[in-house]
Amino acid sequence: MNVTLSHLVNDDASLISRRCWTDPQVYALEKKGIFARSWLYLAHESQLPEPGDFVQAYMCETPIIVARGMDRAIHASINSCTHRGLPVCRSDHGNTKRFICPYHNWSYSVEGQLMTIPQERELQHQPDKTQLGLKAVPRLDNYQGMIFGSFDESIESLDEYLGDMKFYLDAFFERFDGGIEIMGSPHRWLIDANWKLPMENQLGDVNHGPYLHAAVIPPEANEEILRCGYSAVPKAGHGATFRLMDESTPWEQLAWGMEGMGGILGGTEVQEYLRETQAKAVERVGPIRARMKGLTYGIYPNLSFLWSNTSFKVSHPRGPDKVEYWSWAAVPADAPAAVKRVLRTNYSSFFGPGGILEQEDSESWMQQYLGANIDFAEDRPFYYGLGLHDEIKPDPDLPGAVSITANEHYARAFFTRWRKQLEAVA
26 MNVTLSHLVN
36 DDASLISRRC
46 WTDPQVYALE
56 KKGIFARSWL
66 YLAHESQLPE
76 PGDFVQAYMC
86 ETPIIVARGM
96 DRAIHASINS
106 CTHRGLPVCR
116 SDHGNTKRFI
126 CPYHNWSYSV
136 EGQLMTIPQE
146 RELQHQPDKT
156 QLGLKAVPRL
166 DNYQGMIFGS
176 FDESIESLDE
186 YLGDMKFYLD
196 AFFERFDGGI
206 EIMGSPHRWL
216 IDANWKLPME
226 NQLGDVNHGP
236 YLHAAVIPPE
246 ANEEILRCGY
256 SAVPKAGHGA
266 TFRLMDESTP
276 WEQLAWGMEG
286 MGGILGGTEV
296 QEYLRETQAK
306 AVERVGPIRA
316 RMKGLTYGIY
326 PNLSFLWSNT
336 SFKVSHPRGP
346 DKVEYWSWAA
356 VPADAPAAVK
366 RVLRTNYSSF
376 FGPGGILEQE
386 DSESWMQQYL
396 GANIDFAEDR
406 PFYYGLGLHD
416 EIKPDPDLPG
426 AVSITANEHY
436 ARAFFTRWRK
446 QLEAVA
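Residues in the sequence shown are numbered consecutively from 26, following the numbering used here.
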């Protein structure tokens, strides 16, 4: 690069160059330094209940098939034939025994092994098919049903990678006897923006809500965030933003699900399910986490989770100037089918490509990219210094660096890690 990374992100990450969002050279380093060396979210195991089930995914711009093999294990393979490179799977999801390349009909098992080459019957010397399977993702792991993959064979375990982020994840996942499940296929849409801003938005930026989303978010919701809100960085790059409610808070104001349209308008059956779930919360997750009302979570580098709207989101880069955003609805796996259908509206009413909050966010992300790409403004980097010199004391009950939601420490931690990983490959 013709500029050092310290000029892109300064030492305390309070100044972020506009080039971080627009420069093709920066994006090339991101692919090498971040996406090649991180754990990346692929799918949830609830999407693959039976042998032969598969879904498509991406690791950066590399297409991936995630499948449950006939051995019932999860396998992940690059979706590219070893003969001429065509995709061997063209369905977003389904169940199959074979993936078949349309060009020459080479066929592969769901585990990725090459099974047949029709042309080999004409040859005197057959190739060794055991060496010609789909390229496997070398590292796979699972946490709370979330399947992650990495191209880095020597990467730390997923457990170590998540670190104290597990404390905050479990505050949600452990509430439900059967865990959670993904309901339906992902919404997917392209946004003319850089992949990092959607991630940053969900990592901890809740303070834009009463301004950008003023038509939907009432003043009392913002007051609750100001009074009870916390932003935690359990490990640089990860983030959890939540409210820690008072012990006297009525269950209707505390229970997961009651903030959404499904909880508010879903009727007696839905509200009784949510009440019973909250009643078990202390036993299941402990007294502190039972009082947590989550807002936004982020797992480095590009997975987001919205607690109250129960949505998983992945920010798939498509170059420095475009992101393919994938968004799934999640529901408790043990809920009755009728309750699941209603609770899904907690997601669809506000998020997904038709949700009003999603549209307002997407418009802002596109405008930010335009602002990052204008001429004669390189000497005005973006300011990330809110809360820079505020003291952050260890919290006896909450792991990581914990501060108020207005403190941009979550974003500075992200870019500190981002700069370090790019420096390792620059």
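The C-beta atom is built at its ideal place from N, Cα and C for all residues, glycine as well. A quick note: this is a predicted structure, and the numbers were derived from the prediction, not measured.
How about Leu30 and Ala451: are their beta carbons less than 8 Å apart?
Yes, they are a contact pair.
Between which two residues does the beta strand (DSSP E) holding Ala397 run?
From DSSP, Ala397 is part of no beta strand (DSSP E) but of the alpha helix (DSSP H) over 381-397.
For Gly412 versus Asn398, is the C-beta distance shorter than 8 Å?
No.
Buried or exposed: which applies to Arg314, given that a residue is buried once 16 or more other Cβ atoms fall within 10 Å of its Cβ?
Per the 10 Å Cβ criterion, buried.
Can the beta-carbon of Gly188 be found closer than 8 Å to that of Lys260?
For Gly188 and Lys260, yes; Cβs fall inside 8 Å.
Near Ala61, which residues of its chain fall below 6 Å by C-beta distance, leaving aside the five closest residues on each side in sequence?
Same-chain partners within the cutoff: Phe176.
Would you please state the rounded distance, in angstroms, between the beta carbons of Val91 and Ile172? I believe it to be under 8 Å.
Contact holds; Cβ gap of about 6 Å.
Could you check the C-alpha separation between Ile205 and Thr335 for me, to the nearest Å?
Rounded to the nearest angstrom, the two C-alpha atoms are 10 Å apart.
Measure the C-alpha to C-alpha separation of Cys85 and Leu215 and round it to an integer number of angstroms.
Rounded to whole angstroms, Cys85 to Leu215 spans 14 Å at the Cα level.
Within a Cβ cutoff of 6 Å, which residues of the same chain sit near Trp64, ignoring the five residues on either side of it in sequence?
Excluding residues within five positions, the ones whose Cβ falls inside 6 Å are Phe173, Ser175, Leu183, Tyr186.
For the beta strand (DSSP E) containing Asp78, list its first residue and its last residue.
Unbroken beta strand (DSSP E) run through Asp78: 78-84.
In three-state terms, what does DSSP make of Leu54?
The answer is helix: DSSP assigns Leu54 an H, G or I state.
Is it true that the stretch 46-54 meets the stretch 330-349, where meeting means three or more beta-carbon pairs spaced less than 8 Å apart?
They touch, by the three-pair rule.
Could you check which residue in Phe79, Gly262, Gln227 has the C-alpha nearest to that of Glu136?
Per the Cα distances, Phe79.
Give, in chain order, every unbroken run of the beta strand (DSSP E) that is at least 3 residues long and sits entirely within the stretch 194-224.
Those beta strand (DSSP E) runs which fall completely within the stretch 194-224 and span 3+ residues are 205-216.
Helix, strand or coil for Gly264? Go by DSSP, reduced to three states.
Of the three classes helix, strand and coil, the one that applies to Gly264 here is strand, per DSSP.
Let me know the secondary structure DSSP gives Tyr298 once reduced to three states.
Tyr298 falls in the helix class under three-state DSSP.
Per DSSP, what kind of secondary structure is Met286 in: helix, strand or coil?
DSSP places Met286 in helix when its eight states are reduced to three.
Would you kindly work out how many angstroms separate the C-alpha atoms of Tyr408 and Lys191, rounded to a whole number?
Distance between the alpha carbons of Tyr408 and Lys191: 30 Å.
Exposed or buried, Ala363, counting other C-beta atoms within 10 Å across all chains shown (16 or more means buried)?
Exposed, since its Cβ has fewer than 16 Cβ neighbours within 10 Å.
Quick check on Asp184: does DSSP put it in helix, strand or coil?
Helix, per DSSP.
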